[in-house]
Amino acid sequence: MNEPLVLGIETSCDETAVGIVRGRTLLANVISSSVEEHARFGGVVPEIASRAHLEAMQPTIQKAIKDAGVKLTDLDAIAVTAGPGLVGALLVGVGSAAGLAIGLDKPIYAVNHLAAHISVDYLTHTEPIDPTIALLVSGGHSSLLQIDDITSSITKLGQTIDDAAGEAFDKIARIMKLGFPGGPAIDASARLGNVDAINFPRGLTTSNDWNTRPFDFSFSGLKTAVARYLESVPDYVQADVAASFQEAIVDVLLLKSLVACKESGIDSLVIAGGVAANSRLRALAELRCAKANVRLRIPTPGLCTDNGAMVASLGALLVAAGRSPSPVAFDADSSMPVATISLA
Ligand code: KG4
Ligand code: ZN
1 MNEPLVLGIE TSCDETAVGI VRGRTLLANV ISSSVEEHAR FGGVVPEIAS RAHLEAMQPT
61 IQKAIKDAGV KLTDLDAIAV TAGPGLVGAL LVGVGSAAGL AIGLDKPIYA VNHLAAHISV
121 DYLTHTEPID PTIALLVSGG HSSLLQIDDI TSSITKLGQT IDDAAGEAFD KIARIMKLGF
181 PGGPAIDASA RLGNVDAINF PRGLTTSNDW NTRPFDFSFS GLKTAVARYL ESVPDYVQAD
241 VAASFQEAIV DVLLLKSLVA CKESGIDSLV IAGGVAANSR LRALAELRCA KANVRLRIPT
301 PGLCTDNGAM VASLGALLVA AGRSPSPVAF DADSSMPVAT ISLA
């Protein structure tokens, strides 16, 4: 089966998302987000997210089927995010996917949300992705990975020791009253600012850090530095703070990614996850990778944040590689390790 038709369901956070792919071709990508229901709380409220998933699930599946121009009975497999994420939210997707798989008598692939973020790049670029270094930056995770085979071998090189990169964007945006989620708001404000206006700290980049934990990240010191600056300079220029803060994050992410490429001898970098939609990260990555002779791949911005196409994409890759499907009765795993690509 070279071009499997796979439907993917994603409910790990506040997006009820269903994607359909045929091999590497995207046929449908429908997203129903409950983000507005969470905005006034400044973060995702798990109970609200779970209920919103239940309400949105059926219409989202139906719209995806219609957009793709296929019938449910045409599907070769169902894929679903089994973790990591909010357990109540994950369970809605897992239950729906299991119901579909049993009803249609099709195999189910319980996949890792983080591997799915990376595999979505297959829908944008056609060359093989692996081996590659991957920088995975989202609201809940920030890690540097070595991907030898996206369907069977992911090794973690390092990760954040405190906040995730997206979380840092969200927290600083909240302090600056820019709204939630904060990443897109800071990205927009920063376009008008000076990246060199304020010299904010770059976490874990002392020579000792480079020796002992070269591929780990830390953003909490940066967060504190920005908060202090905002307090001590009441008439701060919002765009300059946004640009300088964003630069401190982007700079460290790329520094460490390129050292990982150099040390592993792998001249390929994939950047994935919600923060990969950041315009400064994308632009600076292009400049620095060109200079370092590293092949850079970043999914189109719309596929960086949570979606169902990424789950379907990983499902299709697993089917094509002949990997075993998951047993129908599997559990959602809110803290699924990144090296677990799917539950077999
Ligand atoms: O991957 P994602 O959609 O959900 C998780 O798996 O967490 O990532 C969401 C995160 C949020 O923290 C959001 O602020 C951030 O990605 N984000 C951005 C941008 N767009 C989304 N951060 C910086 N710049 C952006 N343009
Ligand atoms: Zn995500």
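Mapping to my numbering: the sequence shown position 337 is 337, numbers consecutive.
Glycine included, every Cβ here is placed at the ideal spot set by N, Cα and C.
In the structure shown, Gly-322 falls within a coil segment according to DSSP collapsed to helix, strand and coil. Here Asp-162 carries a coil assignment [DSSP, helix/strand/coil]. Put simply, the backbone Cα of Ala-242 is about 21 Å away from that of His-141. Here DSSP, grouped into helix, strand and coil, assigns Gly-19 to strand. In the structure shown, Ile-147 adopts extended strand secondary structure according to DSSP, grouped into three states. According to the DSSP assignment, Tyr-229 belongs to the alpha helix (DSSP H) that extends over 220–232.
Residue environment: Arg-297 is assigned as buried (16 or more neighbouring CB atoms within 10 Å of its CB, all protein chains considered). Shown here, Asn-29 sits in a strand according to DSSP, grouped into three states. Proximity of the beta carbon of Asp-14 to ligand 2 is not indicated: no heavy atom of the ligand is located closer than 7 Å. Closest option to Asn-194, judged by alpha-carbon separation, among Asp-240, Met-176, Thr-160 and Ile-186: Asp-240.
Per the coordinates, the alpha-carbon of Leu-123 lies some 19 Å from the alpha-carbon of Glu-286.
Pairing Pro-131 with Val-270, the inter-Cα distance amounts to about 10 Å. Of the candidates Thr-305, Gly-88 and Asn-29, Gly-88 places its Cα closest to the Cα of Val-45. Annotation: Ala-52 to Ile-133 spans about 35 Å, alpha carbon to alpha carbon. For Ile-175, the closest alpha carbon among the candidates Val-250, Glu-231, Gly-19 and Asn-199 is that of Glu-231. The continuous alpha helix (DSSP H) containing Asn-208 extends over residues 207–212. Judged by DSSP in its simplified three-state form, Ala-110 adopts strand. Excluding five sequence positions before and after Ile-172, the CB atoms of its chain that fall closer than 7 Å to its own CB belong to Gly-182, Ile-186, Lys-223, Val-226 and Phe-245, given in chain order. In the displayed model, Leu-135 falls within a strand according to three-state DSSP. Exclusion of the five residues before and after Leu-104 leaves Leu-72, Thr-73, Leu-75 and Ile-78 as the residues of its chain whose Cβ lies within less than 8 Å of its Cβ. In terms of Cβ geometry, Asn-29 and Gly-308 form a close pair [threshold 8 Å]. Cβ neighbours of Val-252 within its own chain (closer than 8 Å, five residues either side excluded): Arg-202, Gly-203, Leu-204, Thr-205 and Phe-217. Per DSSP, the unbroken beta strand (DSSP E) holding Val-80 starts and ends at 77–83.
Ranked by Cα distance from Asn-199, the options Ser-207, Ala-248 and Gly-166 are led by Ala-248. For Val-80 against Val-94, the beta-carbon gap comes to about 6 Å, under 8 Å, which counts as contact.
DSSP places Phe-180 outside both helix and strand once states are collapsed to three, so it counts as coil.
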